[in-house]
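Asker: Sharing a structure below in structure tokens format, with a few things to ask.
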Ligand SMILES: Nc1ncnc2c1ncn2[C@@H]1O[C@H](COP(=O)(O)OP(=O)(O)OP(=O)(O)O)[C@@H](O)[C@H]1O
Ligand SMILES: [Mg+2]
């Protein structure tokens with residue numbers, strides 16, 4: 040996959056629309072270093088037009104020495120002879136005008152072809168064993184999408200990981216709009232492909248954001264019924280081979296699609312608020328997850344709007360649900376404000392206490408990735424009965 044180095048987020052958003060799904064965006068050479076250190080080989084590094092020429096040339100020179108199979112595509116606002124000369128000396132094979140999205144895409148395709156010619160076709164196979172994190176609540180409006188989107192951005196911050204959000208609120212999904220994106224494709228176009236679906240098809244359906252990729256929900260509610268549970272499972276199985284984290288924004292119900300997503304889930308963030316109906320339904324949801332042996336030991340209770348003074352305290356919720364609050368988020372106008380402006384709070388106000396809490400949550404869940412579960416509930420062995428096996432969690 041390519042990496043885009045661009046410091047201006049508006050430019051990054053525009054450029055990433057012409058790059059393959061899963062393209063990672065980093066802001067500078069230091070973040071690029073960090074990203075490349077944790078990843079396998081990338082076939083192209085696209086250096087955006089707002090990275091200074093000196094920094095761009097330095098990036099290219101280092102890559103030329105350390106990763107000769109990775110091509111650099113240099114984008115410039117002005118294509119002067121000096122730029123071409125310096126690029127040539129640094130071994131940059133492609134210099135493209137900043138606004139020439141087609142030229143950039145073509146250069147990236149050439150880089151991929153060269154890379155495959157050198158490495159062989161097998162390199163296209165995803166080799167990740169990414170983690171599926173499902174954000175769930177049986178109640179609507181409690182903050183699932185807010186949590187899913189901000190968590191995804193926090194997980195991928197500064198090139199730490201490649202992240203994909205799957206909008207599994209198949210009737211009323213709003214992940215794309217939350218990120219101010221209008222998807223050209225949705226999961227609906229994968230209907231009927233269960234048997235032969237692979238990443239090369241799936242990646243054409245992803246919508247790119249500067250921070251992550253998104254598999255958008257159908258644009259109309261009736262599309263939901265055409266998405267089979269088997270397709271949901273297949274999609275998650277494929278995405279986890281390509282992304283470090285797949286964050287699922289689940290619908291507020293235990294429908295078949297959501298249950299099958301749970302069967303692929305490694306970590307579940309249960310979102311609750313301080314109101315009696317939500318707590319009652321969350322308790323029922325936990326009992327259902329228990330009965331089906333889904334994500335035992337990997338459930339994390341997130342109490343949203345935890346400072347609301349409504350007569351029910353976080354301690355009451357913990358004792359009713361018999362699980363600790365792993366993360367508490369306050370009510371903050373800034374959260375809704377950021378969402379309404381299409382720049383989730385983690386992105387628009389990284390210093391805000393709510394953003395810091397999302398970063399902590401991301402840290403906890405990525406720690407859990409390395410076996411340091413933040414849940415106090417122990418893992419239980421897989422149950423054998425038929426009903427339980429049907430949704431049996433994929434164990435890692
Ligand atoms: N901690 C918070 N402080 C202030 N506003 C919040 C907070 N969390 C969520 N909101 C706002 O509450 C509204 C509902 O949040 P969100 O859309 O994330 O909920 P949801 O559970 O995904 O809803 P649905 O079930 O309809 O998909 C949004 O306007 C969001 O900005
Ligand atoms: Mg939602």
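In the numbering used here, the protein residues as written are 40 to 435.
Cβ coordinates follow ideal geometry from the N, Cα and C atoms, glycine included.
Have a look at residue 366 and residue 181 and give me their C-alpha separation to the nearest angstrom.
Answerer: As a position in the chain shown, residue 366 is number 327, starting the count at 1. As a position in the chain shown, residue 181 is number 142, starting the count at 1. Distance between the alpha carbons of residue 366 and residue 181 is about 14 Å.
Asker: Do residue 308 and residue 342 have their C-beta atoms closer together than 8 Å?
Answerer: Looking up residue 308 in the chain shown gives position 269. Looking up residue 342 in the chain shown gives position 303. Cβ distance not < 8 Å, so residue 308 and residue 342 don't count as in contact.
Asker: Ignore the nearest five residues each way along the sequence and tell me which others in residue 313's own chain have a CB closer than 6 Å to its CB.
Answerer: As a first step, residue 313 is located in the chain shown; it is residue number 274 there, counting from the start. Result list for residue 313: 347, 349, 351, in chain order.
Asker: Using the Cα positions of residue 184 and residue 104, report the straight-line distance between them to the nearest angstrom.
Answerer: In the chain shown, residue 184 corresponds to position 145, counting from 1. In the chain shown, residue 104 corresponds to position 65, counting from 1. Each residue's alpha carbon lies about 43 Å from the other.
Asker: Taking the alpha-carbon of residue 210 as reference, which of 193, 201, 179 has the nearest alpha-carbon?
Answerer: Locating residue 210 in the chain shown gives position 171, counting from the first residue. Measuring from the Cα of residue 210, the nearest candidate turns out to be 179.
Asker: Buried or exposed: residue 395, going by 16 or more other Cβ atoms within 10 Å of its Cβ?
Answerer: The residue you call residue 395 lines up with position 356 of the chain shown. It counts as exposed.
Asker: Which value, in whole angstroms, describes the spacing of the CA atoms of residue 345 and residue 321?
Answerer: As a working note, residue 345 is residue 306 in the chain shown. As a working note, residue 321 is residue 282 in the chain shown. Their Cα atoms are separated by approximately 15 Å.
Asker: Hey, out of 301, 360, 316, 370, whose CA is closest to residue 175's CA?
Answerer: The residue given as residue 175 occupies position 136 in the chain shown. For the residues 301, 360, 316, 370, the minimum Cα distance to residue 175 belongs to 301.
Asker: Counting along the chain, where does the alpha helix (DSSP H) carrying residue 151 start and finish?
Answerer: Position 112 of the chain shown, counted from the start, is the residue given in the question as residue 151. Counting along the chain, the alpha helix (DSSP H) containing residue 151 begins and ends at 140–158.
Asker: Between the segment 319–333 and the segment 115–124, are three or more C-beta pairs nearer than 8 Å?
Answerer: At 8 Å Cβ cutoff, the stretches do not touch.
Asker: Under the three-state reduction of DSSP, which class applies to residue 310: helix, strand or coil?
Answerer: As a working note, residue 310 is residue 271 in the chain shown. Residue 310 falls in the strand class under three-state DSSP.
Asker: So the beta strand (DSSP E) residue 206 belongs to, where does it begin and stop?
Answerer: In the chain shown, residue 206 corresponds to position 167, counting from 1. Element bounds for residue 206: 202–207.
Asker: If you draw a straight line from the alpha carbon of residue 330 to that of residue 153, how long is it in whole angstroms?
Answerer: On the chain shown, position 291 is the one that residue 330 refers to. On the chain shown, position 114 is the one that residue 153 refers to. If you take the alpha carbons of residue 330 and residue 153, they lie about 52 Å apart.
Asker: State buried or exposed for residue 405, treating a residue as buried only when at least 16 other CB atoms are found within 10 Å of its CB.
Answerer: Counting from 1 along the chain shown, the entry for residue 405 is found at position 366. Classification of residue 405: buried, given that the 10 Å Cβ count is 16 or more.
Asker: Which word fits residue 124, buried or exposed, when buried means at least 16 other C-beta atoms lie within 10 angstroms of its C-beta?
Answerer: The residue given as residue 124 occupies position 85 in the chain shown. Flag for residue 124 reads exposed.
Asker: Leaving aside the five residues before and after residue 401 along the sequence, list all residues of the same chain whose C-beta is less than 8 Å from its C-beta, in chain order.
Answerer: Numbered from 1 along the chain shown, position 362 holds the residue referred to as residue 401. Excluding residues within five positions, the ones whose Cβ falls inside 8 Å are 190, 193, 194, 196.
Asker: Taking the beta carbon of residue 133 as the centre, do at least 16 other beta carbons fall within 10 Å, making it buried, or is it exposed?
Answerer: If you number the chain shown from 1, residue 133 lands on position 94. It is buried - the Cβ of residue 133 has at least 16 other Cβ atoms within 10 Å.
Asker: Would you please state the rounded distance, in angstroms, between the beta carbons of residue 241 and residue 266? I believe it to be under 8 Å.
Answerer: One-based indexing of the chain shown puts residue 241 at position 202. One-based indexing of the chain shown puts residue 266 at position 227. Not a contact, Cβ separation roughly 14 Å.
Asker: Contact check, residue 142 vs residue 148 under 8 Å by CB: the rounded distance?
Answerer: For this step, residue 142 is matched to residue 103 along the chain shown. For this step, residue 148 is matched to residue 109 along the chain shown. That belief does not hold up - the Cβ atoms of residue 142 and residue 148 are roughly 11 Å apart, past 8 Å.
Asker: To the nearest whole angstrom, what separates the beta carbons of residue 288 and residue 214, a pair I think is in contact under 8 Å?
Answerer: Counting from one through the chain shown, the residue named residue 288 turns up at place 249. Counting from one through the chain shown, the residue named residue 214 turns up at place 175. The pair is a contact, with the Cβ atoms about 5 Å apart (cut-off 8 Å).
Asker: With a threshold of 16 other CB atoms inside 10 Å of the CB of residue 158, please say whether the residue is buried or exposed.
Answerer: If you number the chain shown from 1, residue 158 lands on position 119. Exposed.
Asker: Tell me the rounded alpha-carbon separation between residue 247 and residue 238.
Answerer: Here residue 247 refers to the residue found at position 208 of the chain shown. Here residue 238 refers to the residue found at position 199 of the chain shown. Residue 247 and residue 238: Cα-Cα distance of roughly 15 Å.
Asker: Look at residue 217 and residue 389 and say whether their C-beta atoms are less than 8 Å apart.
Answerer: Looking up residue 217 in the chain shown gives position 178. Looking up residue 389 in the chain shown gives position 350. Contact: no.
Asker: Considering Cα atoms alone, identify which of 74, 306, 60, 317 is closest to residue 252.
Answerer: In the chain shown, residue 252 corresponds to position 213, counting from 1. Of 74, 306, 60, 317, the residue nearest in Cα terms is 60.
Asker: With DSSP collapsed to three states, give me the class of residue 175.
Answerer: On the chain shown, residue 175 is found 136 positions in, with the first residue counted as 1. In this structure, residue 175 counts as strand in the three-state DSSP scheme.
Asker: From residue 58 to residue 137, what distance separates their C-alpha atoms?
Answerer: The residue labelled residue 58 in the question sits at position 19 within the chain shown. The residue labelled residue 137 in the question sits at position 98 within the chain shown. Looking at the two C-alpha atoms, the distance is approximately 14 Å.
Asker: In the structure shown, what three-state DSSP assignment does residue 132 receive?
Answerer: Within the chain shown, numbered from 1, the residue matching residue 132 stands at position 93. Residue 132 falls in the coil class under three-state DSSP.
Asker: Helix, strand or coil for residue 124 per DSSP?
Answerer: Sequence index remark: in the chain shown, residue 124 carries index 85 (1-based). Three-state result, residue 124: helix.
Asker: Taking 7 Å as the cut-off, is the CB of residue 213 close to at least one heavy atom of ligand 2?
Answerer: On the chain shown, residue 213 is found 174 positions in, with the first residue counted as 1. True, at least one ligand heavy atom lies under 7 Å from that Cβ.
Asker: Name the two residues that bound the continuous beta strand (DSSP E) containing residue 340.
Answerer: Here residue 340 is taken as the residue at index 301 of the chain shown, counted from 1. It spans 338–342 - the beta strand (DSSP E) in which residue 340 sits, taken as one unbroken run.
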